[in-house]
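Asks:
Protein chains in written order, with the working numbering: chain A, 207 to 788; chain B, 11 to 293.
Now the structure itself:
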């Protein structure tokens, strides 16, 4: 089907149904579709980006009150002003909440609690700030949508409302499908990995949160123009609960599931009235508990699991081969000067100097607890140094956040394999390719094609991934995930590469492949590599230089032969002559 | 001067009740990574328990004991039937207890109606503190709450159960290998946490309006305390005192609504300056 038709058809279908269904049923349909839109926006923040927001009603309600207030007080252009103010205030509100809670301040659980508290407070404000909100009774008789002398009839209003809602839902679904949505999902899966690939994780999360706040605020104003009434119930915790329940029941990782759930649940609730409504809330609560325990992924996902997989085509990601990089970032390498790091009373690193100027493989060895991983964490921005400085390619990068370091040419592979588990291999690699160069708009616009550098292809071929590109990364074995992560790190086009135990959990063959890859990177691409390793055989096969770290200080540095003949090192490190090690 | 003393006593009284509800919440969070959004409803259950005993003409002390017992029982039941299935995911626990809080509120509303209920004040009149008259029951309430919080902290510090609780909180899997039955410790702590909340409910019942939504009023500040302090004890007490002070004083000088917002603002400032270790994003 023509993509244009595919968008226009559902919109006009919804509008026509709302118009033809008569004023009662059509009005309810329009009203519930607006709520469905707001739930879909929640699905994008919560399901896709992994930010649980119990106070989604706050942005929705702020928009609703803005729409009501301007509708009543701003005269001929009140509706337009209300819509604009709703979107704006919803965005500002979400931005404020995000500024306080997200951006590396509170984790997911702490943030969810904070949104809970904000929703409680918002309802009290709405209840008591009577001059503006009308207090407990709310605001009534809000005029329908009008511009100047032109005013919508009830019929036209519900048609437009329904059509507009479906348009917004299509927009949200499209965002979730695009590389932008996949990047949010990857951040949800593995925040550290995405930061190390060059994504500003905090900004991405608060950006998504703010955007859904704008959508909820706008739809709040639309809702009020439709129902012509607003009350504190729209902004409070009960409404926030509703959005969460609907999103959860309908499968929060989809966009249409929550919309359908919203329609179905509301249609059901609407059949009841008065005393039955108390029982309805009771049943909703109980059903919700049951859903959390029995179908935590929601009904849509459950249904989909029951259907043949061939009905759902995997996303086609076209991976090409990039021309060998002639990136001229190179030059300077990594120069570390007297870096220190303390955790409370414990000193993990003290006065560490390192020069990784020439291309080559530099191994970092030392007993457990020597500070090797801490050093890599400090240099790649995941742990704050308490002293010292370091330069990357001639630029002082001391204390920069991980994503900025990556964008300046630093690559980092973690010790435990870390990939975005719910994304396919191909999607993971595409994410890795875009991290260093793409900002939000580029991620929204771009297609699913990515060109990987030859060195990444070398790793992928060695691991035999060619026919598994469309499987989720979480289904790979430990060693295979290591290979994938290495390929992702190489895809990011770095000049200095930090590897934390790249051969951990790998077979001998895989270890030899890694050694070959590292030699190739140095020979063909002039990369500077710092490897933390324990495996002496591996070190002998790759290392140009070896540095020994002990108790947070550099103990010795030299060629493999020099280190192996250093009696002090072998005494401390292995307790006997290192060459004897099996 | 007189006013200062009265205000100080009021703040202490609020802080004590706040600490009583927050300590249980923070314990169950520290131990199981369970966020119990139904914590306020346990407080409501406690308050209604004392309403029921008072309706039967039983004395206040019996109401308090009944509230504690009902809270313990309800907490234990919740842990066994629900919380136990959710250890793997704090997010699911938030959702499930969210649902539970709705169910409990609706059940109470169906059983007792929406109207305010009162519990007779067991200690009417005022006592003089430093020459300033202060409601006698408020003093008793404060003393009770402080005593219970102190007892809980002492139990954590000095008893073998407390040792096991701290061990499980630090590393549940490791404690299991050392022979601690972490499931049982979780059960005890969750039940105790609910029992503490219910006790707080019975304590405040004579000085407040008992109604199905009352838990939400208390849970607001309680969650702020836990967000600010995480599961550490000293910051928890400081946060309870600080937030209670801001709430009471702003209420005194302006109105309850601004007090709410002031408390919210203070809590968020505290998070900006010093995010609690439990909720901070790992560096």
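Using N, Cα and C, we set each Cβ at its ideal position, and we do this for glycine too.
Closer than 9 Å by beta-carbon distance: list the chain B residues that pair up with residue 765 (chain A), in chain order.
Replies: Near residue 765 (chain A) there are no residues of chain B at all, since even the closest Cβ is about 35 Å away, more than 9 Å.
Asks: Would you say residue 460 (chain A) reaches chain B, if we count a Cβ-Cβ gap shorter than 8 Å as a contact?
Replies: Judged by the 8 Å Cβ criterion, residue 460 (chain A) is not in contact with chain B.
Asks: What residues from chain B crowd round residue 484 (chain A), counting only those whose CB sits closer than 9 Å?
Replies: What residue 484 (chain A) touches in chain B: 116, 119 and 120.
Asks: Does the beta carbon of residue 495 (chain A) come closer than 8 Å to any beta carbon on chain B?
Replies: Yes, residue 495 (chain A) lies at the interface with chain B (some Cβ there is under 8 Å from its Cβ).
Asks: Look at the alpha carbon of residue 45 (chain B) and the alpha carbon of residue 317 (chain A), and state the distance between them as a whole number of angstroms.
Replies: Those two C-alpha atoms are separated by around 12 Å.
Asks: Starting from the N-terminal side, write out each stretch of the alpha helix (DSSP H) that is 4 residues or longer and does not extend beyond the region 301 to 364 of chain A.
Replies: Listed in chain order, they are 314 to 334 and 336 to 339.
Asks: Would you say residue 10 (chain B) reaches chain A, if we count a Cβ-Cβ gap shorter than 8 Å as a contact?
Replies: Because chain B in this structure spans residues 11 to 293, residue 10 (chain B) falls outside the shown range and cannot be described.
Asks: So, is residue 275 (chain A) buried or exposed, given that buried needs 16 or more other C-beta atoms within 10 angstroms?
Replies: Per the 10 Å Cβ criterion, buried.
Asks: Taking Cβ-Cβ distances below 8 Å as the criterion, which residues of the region 319 to 331 of chain A are in contact with chain B?
Replies: Per Cβ criterion, the list reads 319, 320, 322, 323, 324, 326, 327, 330 and 331.
Asks: Just list the residues that DSSP pairs residue 548 (chain A) with in beta bridges.
Replies: Beta-bridge pairing links residue 548 (chain A) to A:553.
Asks: Straight-line CA distance for residue 368 (chain A) to residue 195 (chain B)?
Replies: Those two C-alpha atoms are separated by around 53 Å.
Asks: Report yes or no: do three or more beta-carbon pairs, one from the region 29 to 41 of chain B and one from the region 227 to 234 of chain B, lie closer than 8 Å?
Replies: Because the criterion of three Cβ pairs below 8 Å is met, the region 29 to 41 of chain B and the region 227 to 234 of chain B touch.
Asks: 8 Å is my cut-off, CB to CB: does residue 312 (chain A) come that close to chain B?
Replies: Output row for residue 312 (chain A): interface = yes.
Asks: Measure how close the beta-carbons of residue 147 (chain B) and residue 163 (chain B) come, nearest whole angstrom, since I'm counting them as under 8 Å.
Replies: So it is not a contact: roughly 25 Å between Cβ atoms.
Asks: Going along the region 212 to 224 of chain B in order, which residues come within less than 9 Å of chain A, judged by CB to CB distance?
Replies: Taking 9 Å as the Cβ-Cβ cut-off against chain A, none of the residues of the region 212 to 224 of chain B qualify.
Asks: So the beta strand (DSSP E) residue 199 (chain B) belongs to, where does it begin and stop?
Replies: Here residue 199 (chain B) belongs to no beta strand (DSSP E); instead the alpha helix (DSSP H) covers 192 to 214.
Asks: Quick check for students: name the residue ranges of the alpha helix (DSSP H) that lie wholly in the region 559 to 632 of chain A, counting only runs of 4 or more.
Replies: Counting only runs of 4 or more, we get 578 to 585 and 608 to 613.
Asks: Contact between the region 199 to 219 of chain B and the region 80 to 96 of chain B: three or more CB pairs below 8 Å?
Replies: Yes, they touch.
Asks: State the DSSP-derived secondary structure class of residue 441 (chain A), mapped to helix, strand or coil.
Replies: In this structure, residue 441 (chain A) counts as coil in the three-state DSSP scheme.
Asks: Within a Cβ cutoff of 6 Å, which residues of the same chain sit near residue 437 (chain A), ignoring the five residues on either side of it in sequence?
Replies: Hits under 6 Å: 344.
Asks: Can you tell me whether residue 739 (chain A) is helix, strand or coil according to DSSP?
Replies: The answer is coil: DSSP assigns residue 739 (chain A) none of H, G, I, E or B.
Asks: Could you name the residues of the region 431 to 451 of chain A whose beta carbon sits closer than 9 Å to any beta carbon of chain B, in the order they occur along the chain?
Replies: Answer set for the region 431 to 451 of chain A: 443, 444, 447, 450 and 451.
Asks: I need the boundaries of the beta strand (DSSP E) containing residue 756 (chain A), first residue and last residue.
Replies: Residue 756 (chain A) -> beta strand (DSSP E) spans 751 to 756.
Asks: Checking contacts by CB at 8 Å: is residue 238 (chain B) closer than that to chain A?
Replies: Judged by the 8 Å Cβ criterion, residue 238 (chain B) is not in contact with chain A.
Asks: So, helix, strand or coil for residue 243 (chain B), using DSSP?
Replies: Helix.
Asks: Buried or exposed: where does residue 59 (chain B) fall if 16 or more other Cβ atoms within 10 Å of its Cβ makes it buried?
Replies: By the 10 Å Cβ count, residue 59 (chain B) comes out buried.
Asks: Alpha carbon to alpha carbon, how far is residue 97 (chain B) from residue 706 (chain A)? Give it in angstroms, no decimals.
Replies: Approximately 31 Å, taken between the alpha carbons.
Asks: Just to confirm, are residue 21 (chain B) and residue 255 (chain B) a CB contact at a threshold of 8 Å?
Replies: The answer is yes: Cβ separation under 8 Å.
Asks: Sorted by chain position, which residues of the same chain lie with C-beta nearer than 7 Å to residue 225 (chain B)'s C-beta, five sequence neighbours on each side aside?
Replies: 50, 51, 53 and 54.
Asks: Apart from the five residues on each side of it in sequence, which residues of its chain come closer than 8 Å, Cβ to Cβ, to residue 260 (chain B)?
Replies: Closer than 8 Å at Cβ, skipping near neighbours: 268, 269, 272 and 273.
Asks: Could you tell me whether any Cβ in chain A is nearer than 8 Å to the Cβ of residue 94 (chain B)?
Replies: It does not: the Cβ of residue 94 (chain B) has no partner Cβ on chain A nearer than 8 Å.
Asks: Have a look at residue 105 (chain B) and residue 327 (chain A) and give me their C-alpha separation to the nearest angstrom.
Replies: So the alpha carbons of these two residues sit roughly 20 Å apart.
Asks: If you follow the beta strand (DSSP E) that residue 241 (chain A) is in, where does it begin and where does it stop?
Replies: First-last for residue 241 (chain A): 228 to 249, but that is the alpha helix (DSSP H), not the beta strand (DSSP E).
Asks: State the CB to CB distance for the pair residue 629 (chain A) and residue 475 (chain A), rounded to an integer number of angstroms; the pair is presumed to be in contact (CB under 8 Å).
Replies: The pair is not a contact, with the Cβ atoms about 37 Å apart (cut-off 8 Å).
Asks: Mapping DSSP to helix, strand and coil, what is residue 158 (chain B)?
Replies: Note: residue 158 (chain B) maps to helix in three-state DSSP.
Asks: Buried or exposed: which applies to residue 563 (chain A), given that a residue is buried once 16 or more other Cβ atoms fall within 10 Å of its Cβ?
Replies: Exposed.
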